[in-house]
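Protein chains in written order, with this note's numbering: chain A, 30 to 223; chain B, 30 to 223.
Comments concern the structure below.
There are 2 protein chains.
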Amino acid sequence: MNLTPTVQAFVLHFGEMGSRWGINRTVGQIYALLYVSPKPLCADEIVEALGISRSNVSMSLRELQAWNLVILRHIPGDRRDFFTAPEDVWQIFRNLAEERKKREVDPTLSVLRDLLMVEPRTEEERFARTRLAEMHGLIEQVTNWYDDIKRLDTERLATLLSLGSKVTRLLDVTDKAKEKIVSMGRRRKEADKP
Amino acid sequence: MNLTPTVQAFVLHFGEMGSRWGINRTVGQIYALLYVSPKPLCADEIVEALGISRSNVSMSLRELQAWNLVILRHIPGDRRDFFTAPEDVWQIFRNLAEERKKREVDPTLSVLRDLLMVEPRTEEERFARTRLAEMHGLIEQVTNWYDDIKRLDTERLATLLSLGSKVTRLLDVTDKAKEKIVSMGRRRKEADKP
DNA sequence: CACTCCTTTCAGTAATTCCTGAAAGTTCAG
DNA sequence: CTGAACTTTCAGGAATTACTGAAAGGAGTG
Chain A
30 MNLTPTVQAF
40 VLHFGEMGSR
50 WGINRTVGQI
60 YALLYVSPKP
70 LCADEIVEAL
80 GISRSNVSMS
90 LRELQAWNLV
100 ILRHIPGDRR
110 DFFTAPEDVW
120 QIFRNLAEER
130 KKREVDPTLS
140 VLRDLLMVEP
150 RTEEERFART
160 RLAEMHGLIE
170 QVTNWYDDIK
180 RLDTERLATL
190 LSLGSKVTRL
200 LDVTDKAKEK
210 IVSMGRRRKE
220 ADKP
Chain B
30 MNLTPTVQAF
40 VLHFGEMGSR
50 WGINRTVGQI
60 YALLYVSPKP
70 LCADEIVEAL
80 GISRSNVSMS
90 LRELQAWNLV
100 ILRHIPGDRR
110 DFFTAPEDVW
120 QIFRNLAEER
130 KKREVDPTLS
140 VLRDLLMVEP
150 RTEEERFART
160 RLAEMHGLIE
170 QVTNWYDDIK
180 RLDTERLATL
190 LSLGSKVTRL
200 LDVTDKAKEK
210 IVSMGRRRKE
220 ADKP
């Protein structure tokens, strides 16, 4: 590995974290390397930089493409495939969220939906069913929120994040405003009475 | 496994998904079983229900405890340890989020912080540094949001979720209101001039 | 302190996942 | 068509992770 110490540390860290993130070491390392590379890299450059086999690089790049974490590029007059990580970190974040949802949440949601179709017969089953329903409700609520939020452009998303829980204060304010409007309406109606 | 078909399907699904969620099959199955059980179970009941070794159950319960996904209970006059999943699904969700953050995000954030301390020397390093800074910025923004939001009680959290991206409309409204107030202030100031 | 009943640890094995080198596949130039 | 320059596939070995049974560790009881 002929990398600057910083890049090397970053690459190794991603390799180690890989297992916690549900990808393997090589995939993590390759992604990290591409992420900090100023220009697209071809497979052999990755082999060279990370000291792993050509076939491993090929398979790992394939996986990264499946995750939409890496983009295939071509350089005119060069037959080789070159790869980069998308530039926009927010876009990367979206892709990651989308893929994780697809792999980690959607299958469970679908199983829960199916299991909720069968009518419980025993007391035990009735209990289980309620719990499945609770889990289903929660997941659905969270994924609905996500499906809604993911369409926001980056700027709005950032605003939303930076606001954090302050949003609820805002909600309280509007609630109070609504109440006020309602009570005003009530008073006016009363005044209209003969 | 002497479980009702629904429970069995649920348990097996959690077992299969386990690997995608960064836990192993047994841990997933045990959690699923406890989640739908109307009463706390002891280790031997789990052995019996899932057909796995006693020691495996012991180790897996230990891991579930580390994740705060399972609660140790005692029944008066009984020396055995009993376990349940917390009842409140929202609390479960919080625990899960907290633990995942701790394991999957915090270490990276800390590495990024360290790497951002070293001054870049070459052009290449400068580029890498900017990218690390971008990633660091994003993660920090998201985790700050999370740290803020996680303190909300369940009711407010649910409101927030159900509102989804509508929040931004609300923001637009308040922005306009602010503008209006500012312009009103301006007009008043102008009127105050001699 | 010895017995019972339960939990945990741990070394070894089973299962799974990852990685490699060899071979086959693809694409294009001549 | 042939060969060069790449990429991909895949069988099998390497590494890692999961699981088991046996043994050891408590903790309460007579």
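Glycine included, C-beta positions come from ideal geometry on N, C-alpha and C.
Got a sec: is the Cβ-Cβ distance from Gln170(A) to anything in chain B below 8 Å?
Here residue 170(A) is taken as the residue at index 141 of the first sequence, counted from 1. Cβ-Cβ to chain B under 8 Å: yes for Gln170(A).
From the DSSP output, in three-state form, read off Ile168(A) for me.
Stepping through the first sequence from its first residue, residue 168(A) is reached at position 139. Ile168(A) falls in the helix class under three-state DSSP.
Output the boundary residues of the alpha helix (DSSP H) element that contains Thr151(A).
Counted from its first residue, the first sequence places residue 151(A) at position 122. For Thr151(A), no alpha helix (DSSP H) run applies, since DSSP gives it neither H nor E.
To be precise: take each residue of the region 65 to 82 of chain A, compare its Cβ to all Cβ atoms of chain B, and keep it if any distance is under 9 Å. Which residues remain?
Within the region 65 to 82 of chain A, the residues whose Cβ lies closer than 9 Å to some Cβ of chain B are Val65, Ser66, Pro67, listed in chain order.
Report the rounded CA-to-CA distance for Leu32(B) versus Val171(A), giving the unit in angstroms.
The count along the second sequence starts at 1 and reaches residue 32(B) at position 3. The count along the first sequence starts at 1 and reaches residue 171(A) at position 142. Near 30 Å, if we compare the C-alpha coordinates of Val171(A) and Leu32(B).
What residues in its chain sit with their C-beta under 7 Å from that of Pro223(B), if we drop five residues either side in the sequence?
Stepping through the second sequence from its first residue, residue 223(B) is reached at position 194. Only weak support exists for where Pro223(B) lies, its pLDDT of 44 falling under 50; the value from the coordinates is given anyway. Same-chain partners within the cutoff: there are none.
Please report whether the beta-carbon of Val147(B) lies at a distance below 8 Å from any beta-carbon of chain A.
Counting from 1 along the second sequence, the entry for residue 147(B) is found at position 118. For Val147(B), the nearest beta carbon of chain A is closer than 8 Å to its own beta carbon.
For Phe111(B), which residues does DSSP report across the bridge?
For the purposes of this step, residue 111(B) is taken as the residue at position 82 of the second sequence. DSSP output for Phe111(B) lists Cys71(B), Arg102(B) as bridge partner(s).
Using CA atoms only, rank isn't needed, just tell me which of Glu153(A), Leu161(A), Phe156(A) is closest to Asp143(A).
Numbered from 1 along the first sequence, position 114 holds the residue referred to as residue 143(A). For Asp143(A), the nearest C-alpha among the options comes from Leu161(A).
Distance CB(His42(B))-CB(Thr137(A)) smaller than 8 Å:
Working through the second sequence from its first residue, we reach residue 42(B) at position 13. Working through the first sequence from its first residue, we reach residue 137(A) at position 108. The answer is yes: Cβ separation under 8 Å.
Can you list, in chain order, the residues of its chain whose CB lies under 7 Å from that of Leu63(A), leaving out five sequence neighbours each side?
Position 34 of the first sequence holds residue 63(A). The answer, listed in chain order, is Leu70, Val99, Phe112, Thr113, Ala114.
Contact set between Val40(B) and chain A, taken where Cβ atoms lie within less than 8 Å:
Here the question's residue 40(B) lines up with position 11 in the second sequence. Within chain A, no residue comes near Val40(B); the closest Cβ sits about 10 Å away, beyond 8 Å.
In angstroms with no decimal places, state the Cα-to-Cα distance between Met164(A) and Gly57(B).
Start at 1 with the first residue of the first sequence, and residue 164(A) comes out as number 135. Start at 1 with the first residue of the second sequence, and residue 57(B) comes out as number 28. Their backbone Cα atoms lie some 15 Å apart in a straight line.
For Gly80(B), the nearest candidate out of Ile52(B), Lys195(B), Val40(B) (CA to CA)
On the second sequence, position 51 is the one that residue 80(B) refers to. Among Ile52(B), Lys195(B), Val40(B), the Cα nearest to that of Gly80(B) is on Val40(B).
Minimum C-alpha distance to Gly51(A) - residue among Leu141(A), Arg132(A), Asp117(A):
Along the first sequence, one-based indexing puts residue 51(A) at 22. Nearest C-alpha to Gly51(A): Arg132(A).
Should Arg83(A) be labelled buried (16 or more other beta-carbon atoms within 10 Å of its own) or exposed?
Mapped onto the first sequence, residue 83(A) falls at position 54. Of the residues assessed, Arg83(A) falls on the exposed side of the cut-off, its CB having fewer than 16 other CB atoms within 10 angstroms.
Per-residue burial, Leu93(A) [other beta carbons within 10 Å of its own, 16 or more giving buried]
Counting from 1 along the first sequence, the entry for residue 93(A) is found at position 64. Buried is the call here.
Looking only at its chain, what residues have a beta carbon closer than 6 Å to the beta carbon of Ser89(A), apart from the 5 residues adjacent to it on each side?
Translated into the one-based positions of the first sequence, residue 89(A) becomes position 60. Taken in chain order, the residues that qualify are Thr55, Val56, Ile59.
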